[in-house]
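Data block below; observations after.
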Amino acid sequence: MDVTFFTAWIQEIIRVLSINRDLLTRLDAAIGDADHGTNLDRGFTSVRQALSDTPPDTPGQLLTLVGNTLIRRVGGASGPLYGSLFRQLGKSLGDAPEVSLDDLAAAFATGLESVTRLGKAAEGDKTMVDALAPAARTLSSAAREGLKPGEAFGRAAAAAAEGAKATIPLQARKGRASYLGPRSVGHEDPGAASAALILSALHP
Amino acid sequence: MKKLINDAESVVADALTGLAAAHPALRVDVEARVVWRADAPRVGKVALVSGGGSGHEPLHAGFVGYGMLDAACPGEIFTSPVPDQVVAATERVDGGAGVLHVIKNYTGDVMNFELAAELCAQQGMAVASVLVDDDVAVQDSLYTAGRRGTGATLFVEKIAGAVAEAGAPLAEATRVAGAVVARSRSFGIALTSCAVPAAGKPTFDLPETEVELGIGIHGEPGRTRAPLASARDLAAVAMDAVHGDLPLAGDLLVMVNGMGGTPLIELYIAFAEVEAYIRGKGARVARSLVGNYVTSLDMQGFSVTVCQLDDELTELWDAPVQTPSLRWGR
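Protein sequences, first through last, are from chains A and B. Residue numbers 1 to 204, in the UniProt record's numbering, belong to the letters of the first sequence in order. Residue numbers 1 to 330, in the UniProt record's numbering, belong to the letters of the second sequence in order.
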């Protein structure tokens, strides 16, 4: 997987988030402050601009640029959190022009760590971690089993989607939804939903 | 929902353009989203910087000026500013004596200010911070994001601003800001939701006969829903929550704050009830503020913020202030 592969992933994320902008904002209106879709859409629109201004040469450079742009443009909690995820992915992949599924799985694991460290959230707190963690685990086991990237990505996306849906019955313990206490039960977490969309954009 | 805007995408920039035009004592960088005092940086004076999502006006930009904030960085509607904004604001007002960041306790605000503080430190600026978390509707525990920062933010900005204006060092301004937080509590009640411009419709539906208790300042639902009641009963709900957390005693600074869509006449009705409640507990309203100061766009409703005063804090509250939205003694 080279810089072209990762560029295609980011372009697909931009497309998927734009289509789902209003859905994410609606989810956020129920248990947050009704801006998750607009914020991510704004951030990834800036990413599109940044990529065309300075086309990166390696997967690592590309993902670092994505992370920095999100931190600089999104604001809220999702900016620093997604920004750290992508920045860490970029850092882990280093200067390599080509990365393997093993490399990507390892990078995802460290990316997840940076998100949980910054957000202080654990699985089950009803946050994006509930989608990212099962996806990272699935990628790792797929890499160990020697699956082809396409199959691994399909499984990771499914795990993320399942994790996002599983936030519905949970009471939020982190983020803005936590202020609602028991009233946060019965709604899908918007951060988990956007994380699942980002994973669903990963095609071979 | 009707809105007096040009374009939902340009709400914050258009409002900053108006702020700049209306208040020549302020400097406004619409592109960088920073508002600062025209006389900043002041050499040797500790600078105060705050910021947060837009939609809470006049907080924070309306409190930039003599005796209060040196700079504010407004984010998108209800979205914390990005680190670049905070760094830009800090650079513009740092007079060499250090900068105090006033942060409302929300996950996003805390993260963006922390990232900004790291960058400021790398540039050699001395930065301290105070976290405002006064909202008693939220239980503070290891398993939550902690209490929200709401009305007490104004108290912190005014009182710490007075300390800084008097020439105190950064550690002293930080200490006093922390004391205000420790002595302040808030509780809010909504009669309606609010409409975020980009969404175009109210964030949630609230029937004519119901209110939301324990709201924050982002148009989000509160802790519980209850039947609409009189101003007396609603004030009692808010004050019971405040009193239950920090018993009312001695001289108090009391703000009855409108959420943006409540007429002042109704806020004064609420204030009368709050004052009677406080008197009933044997405490006294020594200083007060009634009006729309920490708002949630066009939400109808109010919040009460109470701070236990001592001589030092009273004197600092009374010190001169000259900002677009808070002005006395000068």
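Beta carbons: idealized from backbone N, C-alpha and C, even for Gly.
Identity of the residues DSSP links to residue i by a beta bridge
i                      : result
B/F302                 : B/I189 and B/G258
B/G98                  : In the DSSP output, where bridge partners are listed per residue, B/G98 has none listed.
B/G51                  : B/C73
residue 348 of chain B : In this structure chain B extends from 1 to 330, so residue 348 of chain B is not present and cannot be described.
B/L115                 : Per DSSP, none; premise fails for B/L115.
B/Q322                 : B/Y66 and B/R327
B/R202                 : Rather than Arg, the amino acid found at residue 202 of chain B in this sequence is Pro. For B/P202, which the question treats as bridged, DSSP gives the partners B/A195.
B/L253                 : B/R287 and B/C307
Three-state secondary structure assigned by DSSP to residue i
i                      : result
A/Y179                 : helix
B/K104                 : strand
residue 334 of chain B : The requested residue 334 of chain B does not occur in the structure, where chain B is confined to residues 1 to 330.
A/D2                   : coil
B/S129                 : strand
B/M239                 : helix
B/E9                   : helix
A/K91                  : helix
B/V294                 : coil
A/E98                  : coil
A/P190                 : helix
B/K158                 : helix
B/G216                 : coil
B/R42                  : coil
A/I168                 : coil
A/G79                  : helix
A/V115                 : helix
B/A145                 : coil
B/T150                 : coil
B/S230                 : coil
B/E57                  : coil
B/S80                  : coil
A/R15                  : helix
Nearest neighbour of residue i, chosen from the options [CA to CA]
i      : options                           : result
B/R225 : B/E210, B/M239 and B/A236         : B/E210
B/V102 : B/Q123, B/A160 and B/F78          : B/A160
B/A38  : B/V12, B/L69, B/G53 and B/N292    : B/L69
B/I265 : B/N292, B/I77 and B/R287          : B/N292
A/R48  : A/S184, A/Q61 and A/T7            : A/T7
B/A190 : B/A182, B/R33, B/K158 and B/A235  : B/A235
A/A172 : A/G163, A/E162, A/V185 and A/A161 : A/V185
B/R223 : B/A152, B/D318, B/G200 and B/R147 : B/R147
B/G216 : B/E208, B/P207 and B/C194         : B/C194
A/L199 : A/A34, A/I14, A/R87 and A/D125    : A/I14
B/G75  : B/P83, B/S54, B/G62 and B/D94     : B/S54
B/G219 : B/Y277, B/R284, B/P202 and B/D29  : B/P202
A/T138 : A/T116, A/A109 and A/P56          : A/A109
A/D57  : A/A121, A/R183, A/D95 and A/P169  : A/D95
B/L326 : B/K3, B/L59 and B/T90             : B/L59
B/D240 : B/A32, B/V46 and B/K281           : B/K281
A/G181 : B/E157, B/L19, B/L213 and B/G124  : B/L213
B/A128 : B/F204, B/V274 and B/F113         : B/F113
B/L19  : B/A168, B/A270, B/D318 and B/T323 : B/T323
A/I19  : A/G37, A/K120, A/K148 and A/A105  : A/G37
Extent of the continuous beta strand (DSSP E) run through residue i
i      : result
B/I77  : A71 to I77
B/P227 : T224 to P227
B/A286 : R284 to G291
B/D29  : L26 to D29
B/V35  : V34 to R37
B/V211 : E210 to L213
Opening and closing residue of the alpha helix (DSSP H) in which residue i lies
i                      : result
B/V86                  : P83 to V93
B/E266                 : L264 to G280
A/E151                 : P149 to K165
A/N68                  : P59 to R73
A/T138                 : V129 to E145
A/V47                  : H36 to D53
residue 206 of chain A : For chain A, the structure presents residues 1 to 204; residue 206 of chain A sits outside this window and is missing.
A/R26                  : R21 to I31
> If you measure beta-carbon to beta-carbon, which residues of the segment 69 to 85 of chain B are closer than 8 Å to chain A?
Replying inline: Within the segment 69 to 85 of chain B, the qualifying residues are G75, E76, I77, F78, T79, S80, P81, V82, P83 and D84.
>> Please list, in chain order, the residues of the segment 200 to 223 of chain B that have any C-beta partner in chain A closer than 7 Å.
In response: So the list reads T203, F204, G216, H218, G219, E220, P221 and R223, given in the order they occur along the chain.
> Going along the chain, which residues of the segment 87 to 115 of chain B sit with their C-beta nearer than 8 Å to a C-beta in chain A?
Replying inline: Residues of the segment 87 to 115 of chain B with a C-beta atom less than 8 Å from some C-beta of chain A are Y106, T107, G108, M111, N112 and L115, listed in chain order.
> Listed from N- to C-terminal order along the chain, which residues in the segment 129 to 162 of chain B have their beta-carbon within a distance smaller than 7 Å of any beta-carbon of chain A?
Replying inline: From the segment 129 to 162 of chain B, only V138, Y143, T144, A145 and R148 have a Cβ closer than 7 Å to chain A.
> Between the segment 4 to 38 of chain A and chain B, which residues of the former have a C-beta closer than 8 Å to a C-beta of the latter?
Replying inline: Hits within the stretch, in order: T25, A29, A30, I31, G32, D33, A34, D35 and T38.
> According to a CB-to-CB cut-off of less than 7 Å, which residues of the segment 164 to 185 of chain A neighbour chain B?
Replying inline: Correct list: R173, K174, G175, R176, S178, Y179, L180, G181 and R183.
> Of the residues that make up the segment 61 to 78 of chain A, which ones have a beta carbon closer than 8 Å to any beta carbon in chain B?
Replying inline: Hits within the stretch, in order: I71, R72, R73, V74, G75, G76, A77 and S78.
> Which residues, taken in chain order from the segment 100 to 123 of chain A, show a beta carbon closer than 8 Å to some beta carbon of chain B?
Replying inline: Contacts with chain B (Cβ-Cβ distance below 8 Å) from the segment 100 to 123 of chain A involve L118 and G119, listed in chain order.
> Which residues, in order along the segment 169 to 192 of chain B, keep a beta-carbon less than 8 Å from a beta-carbon of chain A?
Replying inline: Residues of the segment 169 to 192 of chain B with a C-beta less than 8 Å from any C-beta of chain A: none at all.
>> Tell me which residues of the segment 3 to 24 of chain B have at least one Cβ-Cβ distance to chain A shorter than 8 Å, keeping chain order.
In response: Hits within the stretch: zero.
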